[in-house]
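**Q** Residues 80 to 366 (the numbering used here) are what the sequence shown spells out, left to right.
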Amino acid sequence: MRRRLLLVVAWLLAAAPAFAQEARPEGGEGARHREQVWRIPHVSDEGRVLAAILFRPPGETPRPLVVMAHHTSAEAPRNGEPSHGVYPQVVSWFVERGYAVAVVHRRGYGLTSGERAERFACRRPNHAGVARADAADLAAAIDALTRLAFIRPTGVVAVGQSTGGWAVTGLAAENHPAVAAVINFGGGRRGRSGETGETCALEELVRDIVPLGRRARTPALWIYTENDQTFGPALVRRLADAYKAGGAPLEFRMLPAFGSDGHALLPSAAGVRVWAPVVEPFILRFR
């Protein structure tokens, strides 16, 4: 009897990670691409539950998954909006091509409650640590969603905008077995000094991407524009060089100026015609 009890306990301990990663739907499907909120326990942050807004094509055929990592708004209240990071034209573009799309709300954003895992300090920024924390959020969602019957277990493409672009760069450095590629739109992190009001910690951004590039072996596509008002061309070229120097596979594209601020390329409906010809042949390699 004692031996049987020990075997049961051992089985439960072994099965615990799988149970912990189980995603569950919240409410029914909506009219827009079957929009539905899913709740995902965070295996590396005990008690925390992430939210992902899932969109998918008709039918139950297993679909490849696109995970979208959102930006951080300069207007703090907007980061808590339920639809934060949902760009309808981007969702539609991927769903129309047969992908399921999950907009994952990282800790402290949108429908995911609690404090952010991200921290920013001008004097001691830890951009690499934030990349790892954000990557853990995305990995938790990927682990849970790829267990669903209507999601393919491999071939995941992670797409990130601004701070979300930095998040998927962190994910690329984790070399997650389900992730085939990442796409970074205007990614990075920056802050403003409370003392001087000036932008800070950009040099440290270049410094901290070096260890990510040394680890990353997941193919990446980076898309920036010549008139990005947040991360300018000179800086991002340095970031790309530092990332590639470590051996990371990277396709870097500097696109012409877009509108008044190229940082809005992905969120803008007019941006689809600009980035789609670059993104489509890239993702087809991993389909």
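Don't be surprised by glycine CBs; every beta carbon is placed ideally from N, CA and C.
1. Could you tell me the boundaries of the beta strand (DSSP E) in which Thr-309 lies?
2. For Leu-363, report the span of its beta strand (DSSP E) as first-last.
3. Does the Cβ-Cβ distance between Ala-327 and Gly-292 come in under 7 Å?
4. Just to confirm, are Gly-234 and Pro-141 a CB contact at a threshold of 7 Å?
5. Is it a yes or a no for the region 156-167 touching the region 200-214, going by three-plus beta-carbon pairs under 8 Å?
6. Thr-297 and Val-371 - do their beta-carbons sit closer together than 7 Å?
7. Do you know offhand how far Gly-341's Cα is from Arg-127's?
8. Does the region 102-118 come within contact of the region 144-155, defined as at least 3 CB pairs closer than 8 Å?
9. Compute the distance between the beta-carbons of Ala-219 and His-121, then report whether it is under 7 Å.
10. Starting from His-206, follow the beta strand (DSSP E) in both directions and report where the run begins and ends.
11. Helix, strand or coil: how does DSSP classify Tyr-303 here?
12. Thinking C-beta only, is Gly-265 closer than 7 Å to Tyr-371?
**A** Quick look at the numbers:
1. Taking the first residue of the sequence shown as 1, we reach residue 309 at position 230. Careful: Thr-309 lies outside any beta strand (DSSP E) and carries neither H nor E.
2. Walking along the sequence shown from the start, residue 363 turns up at place 284. Leu-363 -> not in any beta strand (DSSP E); alpha helix (DSSP H) instead, spanning 351-363.
3. On the sequence shown, position 248 is the one that residue 327 refers to. On the sequence shown, position 213 is the one that residue 292 refers to. For Ala-327 and Gly-292, yes; Cβs fall inside 7 Å.
4. Locating residue 234 in the sequence shown gives position 155, counting from the first residue. Locating residue 141 in the sequence shown gives position 62, counting from the first residue. Not a contact, by the Cβ cut-off of 7 Å.
5. no
6. What is shown of the chain runs 80 to 366, which leaves residue 371 out entirely.
7. For the purposes of this step, residue 341 is taken as the residue at position 262 of the sequence shown. For the purposes of this step, residue 127 is taken as the residue at position 48 of the sequence shown. Cα-Cα distance, rounded: 35 Å.
8. no
9. Mapped onto the sequence shown, residue 219 falls at position 140. Mapped onto the sequence shown, residue 121 falls at position 42. Contact flag set, yes.
10. Taking the sequence shown and counting its residues from 1, one reaches residue 206 at position 127. Where His-206 is concerned, there is no enclosing beta strand (DSSP E), although the alpha helix (DSSP H) it sits in stretches over 206-224.
11. Walking along the sequence shown from the start, residue 303 turns up at place 224. The answer is strand: DSSP assigns Tyr-303 an E or B state.
12. The structure shown does not extend to residue 371, since the chain spans only 80 to 366, so no value can be given for it.
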